[in-house]
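Heads up, the thing below is written out as structure tokens.
There are 2 protein chains.
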Amino acid sequence: MPIKLAITDDHPIVAKGICNILRDAANVEVTDIYANGTALLKGIKERQPDILLLDMHLPDVSGPELAASILKNYPQVRILVLSSSDVIFQVKKMLKLGCMGYLLKDSDETTILQAIETVYKGGQFLSPALNQLLIEDMFRNKKSEKKTTTLTRREKEVLQLIIDEHTNQEIADKLFLSLHTVENHRISLLHKLEVKNTAGLVKVALQTGLV
Amino acid sequence: MPIKLAITDDHPIVAKGICNILRDAANVEVTDIYANGTALLKGIKERQPDILLLDMHLPDVSGPELAASILKNYPQVRILVLSSSDVIFQVKKMLKLGCMGYLLKDSDETTILQAIETVYKGGQFLSPALNQLLIEDMFRNKKSEKKTTTLTRREKEVLQLIIDEHTNQEIADKLFLSLHTVENHRISLLHKLEVKNTAGLVKVALQTGLV
DNA sequence: TAGAAAATAGCGGTAAACCACTATTTAATT
DNA sequence: AATTAAATAGTGGTTTACCGCTATTTTCTA
Chain A
1 MPIKLAITDD HPIVAKGICN ILRDAANVEV TDIYANGTAL LKGIKERQPD
51 ILLLDMHLPD VSGPELAASI LKNYPQVRIL VLSSSDVIFQ VKKMLKLGCM
101 GYLLKDSDET TILQAIETVY KGGQFLSPAL NQLLIEDMFR NKKSEKKTTT
151 LTRREKEVLQ LIIDEHTNQE IADKLFLSLH TVENHRISLL HKLEVKNTAG
201 LVKVALQTGL V
Chain B
1 MPIKLAITDD HPIVAKGICN ILRDAANVEV TDIYANGTAL LKGIKERQPD
51 ILLLDMHLPD VSGPELAASI LKNYPQVRIL VLSSSDVIFQ VKKMLKLGCM
101 GYLLKDSDET TILQAIETVY KGGQFLSPAL NQLLIEDMFR NKKSEKKTTT
151 LTRREKEVLQ LIIDEHTNQE IADKLFLSLH TVENHRISLL HKLEVKNTAG
201 LVKVALQTGL V
């Protein structure tokens, strides 16, 4: 039984091109071609492919929205993102959503086939150029530790418990402190981290990797 | 002028071993060897190396704590983490702190030298085995989108503004809504995301990649 | 050992969040 | 055309967070 593949891309040239490439592949059958997100959402109700080659930039619905919707309703469909953009933010977003691969459009035939087969077998596939970019991204994402390192031991403890959704009273009980003391620590945190409220505290704590 | 290198490792065998490897390297000079974090923090006040080979697991101070402290006070020192653990969580933590490389202890001489030189020149270095692990980690970190995808358009808007540290009143003004409406959306969010308060909202929003 | 920073605790007060309801109007879907 | 979900708005109330002070004790560090 060949791999059932659906293609979603608003550029007929791309869709046709991939079709042609796959025509020679005995183990892959292109079952559907969609030109936009709406058509895809409609068509996939009738017939789910094994793998969906999904263009990142469609005219009607955004790539992440489509991926989220499809993975929610048809989790057995494996999505292989097809994009001409190597913006690492977008790559990460699609992978986080649960897409099984990210394929750049300048890939050659061999790579495309390899990607499809890898994903079909349950593996993940990234265009080789992206691997290095992702690694570099890890280094680039250094959190400005200025703020967090100035926090005292107690402030860190309190902050952690705030993130864990505890109230000041609960924190006081846990740390055997007066409610006032916890309030003081909390206000120190607001000032030191230069945020306005609890939402800001949690945000910078998570974004700077305090927890 | 040779590269000034400091080694911090509580296993004399490791420290000596690296020393021996580097003895043959003309362009690297081991200036200091520390057996624990306290000694390192004391010694680095007197003399800062170009590169610090830092063991991840020291008896007294944790690796991340040491790295944070040193990078804050001596930002010109480049830290190359030396560890026998490939636990990806730890790798990411050290890189986020600003370490310039992560070297596994089973590396051979060539790799060690290459890592030191790369980092000295301002580059980053990861033990080859870690590259693949980091990539796989990207795929593994799929956020459970169940919760977030059930949010309505308005709820997402409100949630985003909560994360941006706005109060309900400010959100109401921004979206031209009644304060009550915003409160209702907020409480719906609390229920849907199964959290207790603002801290929980921000936490799941950030962790599930809603923003 | 003197001074600084941290941790502790308190007071009084305002603003904001949280909770449980009801209820109407507006899409979306069958 | 009927049902459902979403968006809207309200009442009334409790709890929690936020703010600016003061002040003492402890711990660190120069």
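Keeping their order, the protein sequence lines are chains A and B. Each step along the first sequence adds one to the number in full-length UniProt numbering, with nothing skipped, and position 205 is 205. Each step along the second sequence adds one to the number in full-length UniProt numbering, with nothing skipped, and position 184 is 184. Cβ coordinates follow ideal geometry from the N, Cα and C atoms, glycine included.
Q.
In the DSSP output, which residue or residues are listed as bridge partners for B/Ala-6?
A. Bridge partners of B/Ala-6: B/Asp-32, B/Leu-52.
Q. Who are the neighbours of A/Glu-170 on chain B, taking C-beta pairs under 9 Å?
A. Contact note: A/Glu-170 does not reach chain B at a C-beta cutoff of 9 Å; the least C-beta distance is about 10 Å.
**Q.** Cβ-based neighbour list, A/Gly-43, same chain, cut-off 7 Å, excluding 5 preceding and 5 following
**A.** Correct list, in chain order: Asp-32, Tyr-34.
Q: Give the C-beta separation of B/Pro-64 and B/Met-100 to the nearest angstrom, bearing in mind that I take them to be a contact with Cβ-Cβ under 8 Å.
A: About 15 Å separates the two Cβ atoms, so there is no contact after all.
Q. What residue does the beta strand (DSSP E) around B/Tyr-102 start on, and which one ends it?
A. 101–104 is the extent of the beta strand (DSSP E) around B/Tyr-102.
Q: With a threshold of 16 other CB atoms inside 10 Å of the CB of A/Gln-207, please say whether the residue is buried or exposed.
A: Classification of A/Gln-207: exposed, given that the 10 Å Cβ count is below 16.
Q) For a contact meaning CB atoms closer than 9 Å, what does A/Glu-157 contact in chain B? A) Those within 9 Å of A/Glu-157 in chain B number zero; the least Cβ separation is about 15 Å.
(Q) Against chain A, does B/Val-119 count as a neighbour if the rule is that its beta carbon must be under 7 Å from one of theirs? (A) Not an interface residue.
Q. With burial defined as no fewer than 16 other Cβ atoms inside 10 Å of the residue's Cβ, what is the status of A/Gln-169: buried or exposed?
A. It is exposed - the Cβ of A/Gln-169 has fewer than 16 other Cβ atoms within 10 Å.
Q) Between the C-alpha atoms of B/Asp-86 and A/Leu-130, what's the straight-line distance to the nearest angstrom? A) Taking the straight line joining both Cα atoms gives about 22 Å.
Q) Terminal residues of the continuous beta strand (DSSP E) containing A/Leu-82? A) Taken as a continuous stretch (DSSP letters only), the beta strand (DSSP E) holding A/Leu-82 covers 78–83.
Q: Output the distance between the C-alpha atoms of B/Thr-198 and B/Arg-47, rounded to the nearest integer angstrom.
A: Roughly 47 Å between the two C-alpha positions.
Q: Pick helix, strand or coil for B/His-11, following the three-state DSSP scheme.
A: Here B/His-11 sits in coil by DSSP.
Q) Would you report the Cα separation of B/Thr-38 and B/Leu-52, rounded to the nearest angstrom? A) Between B/Thr-38 and B/Leu-52, the C-alpha separation is close to 15 Å.
Q: Please report the residue range of the alpha helix (DSSP H) in which A/Leu-71 lies.
A: 63–73 is the extent of the alpha helix (DSSP H) around A/Leu-71.
Q | Buried versus exposed, by CB contacts within 10 Å (16 or more), B/Gln-132 | A | Per the 10 Å Cβ criterion, exposed.
Q.
I believe A/Leu-134 touches B/Ile-88 by the beta-carbon criterion, under 8 Å. Please report the beta-carbon distance rounded to the nearest angstrom.
A. Actually they do not touch by this definition, with Cβ atoms about 13 Å apart.
(Q) In the DSSP output, what is A/Leu-126 paired with across the bridge? (A) In DSSP, A/Leu-126 forms a bridge with A/Tyr-102.
Q.
Less than 7 Å between CB atoms is the rule here; does A/Ala-199 satisfy it with respect to chain B?
A. Chain B, which has a Cβ nearer than 7 Å to the Cβ of A/Ala-199, makes this yes.
**Q.** Bridge partners - A/His-57, DSSP secondary structure assignment
**A.** The bridge partners DSSP lists for A/His-57 are A/Ser-62.
Q. So which residues of chain A does B/Ile-187 contact, with C-beta pairs closer than 7 Å?
A. For B/Ile-187, there are no C-beta contacts with chain A under 7 Å, since the nearest C-beta of that chain is about 15 Å from it.
Q. Taking Cβ-Cβ distances below 8 Å as the criterion, which residues of the region 93–124 of chain A are in contact with chain B?
A. When CB distances to chain B are screened at a threshold of 8 Å, the residues of the region 93–124 of chain A falling below it are Lys-93, Leu-95, Lys-96, Leu-97, Gly-98, Met-100, Gln-124, in chain order.
Q: Report yes or no: is there a C-beta of chain B within less than 7 Å of the C-beta of A/Gly-209?
A: Answer yes: the Cβ-Cβ gap between A/Gly-209 and chain B drops below 7 Å somewhere.
Q | Residue from A/Gln-76, A/Ser-62, A/Tyr-74, A/Leu-82 with nearest C-alpha to A/Asp-7 | A | The sequence given here has Ile at residue 7 of chain A, not Asp. Selected option, being the one with the closest Cα: A/Leu-82.
Q.
Run through chain B and tell me which residues come within less than 7 Å of A/Met-1, C-beta to C-beta.
A. None at all; the shortest Cβ gap to chain B is about 26 Å.
Q) How big is the Cα-Cα spacing for B/Glu-157 and B/Leu-175? A) Spanning the two alpha carbons is a distance of roughly 9 Å.
Q) Are the CB atoms of B/Glu-155 and B/His-180 nearer to each other than 7 Å? A) Not in contact: B/Glu-155 and B/His-180 (Cβ atoms no closer than 7 Å).
Q. Do the CB positions of A/Leu-58 and A/Asp-10 come within less than 7 Å of each other?
A. A/Asp-10 sits close to A/Leu-58, with the two beta carbons spaced by under 7 Å.
Q: Measure the alpha-carbon distance for B/Leu-201 versus B/Val-28 and round it to whole angstroms.
A: Distance between B/Leu-201 and B/Val-28, taken at the CA atoms: about 51 Å.
Q | Partners in chain B for A/Asn-131, counting only beta-carbon separations shorter than 8 Å | A | Result: Asn-131, Ile-135.
Q. Near B/Lys-4, which residues of its chain fall below 7 Å by C-beta distance, leaving aside the five closest residues on each side in sequence?
A. Cβ within range, chain order: Glu-29, Thr-31, Pro-49, Asp-50.
(Q) Quick check on B/Leu-206 - is its C-beta less than 7 Å from some C-beta in chain A? (A) Under the 7 Å criterion on CB atoms, B/Leu-206 is classed as interfacial with respect to chain A.
Q. Quick one: is B/Met-56 near chain A, going by C-beta distance under 7 Å?
A. Look at B/Met-56: its C-beta is not under 7 Å from any C-beta on chain A.
Q: Look at the Cβ atom of A/Leu-159, then the Cβ atom of A/Leu-189, and state whether they are nearer than 7 Å.
A: Yes, the pair counts as a contact, with Cβ atoms nearer than the cut-off.
(Q) Which residues in chain A have a C-beta closer than 8 Å to the C-beta of B/Gln-139? List them in chain order. (A) It should be pointed out that residue 139 of chain B corresponds to Phe in this sequence rather than to Gln. Simply Leu-95, Met-100, Gln-124.
Q | Chain-ordered neighbours of A/Glu-194 on chain B, where CB pairs are closer than 8 Å | A | Going along chain B, no residue has its Cβ under 8 Å from A/Glu-194, so there is no contact; the nearest lies around 11 Å.
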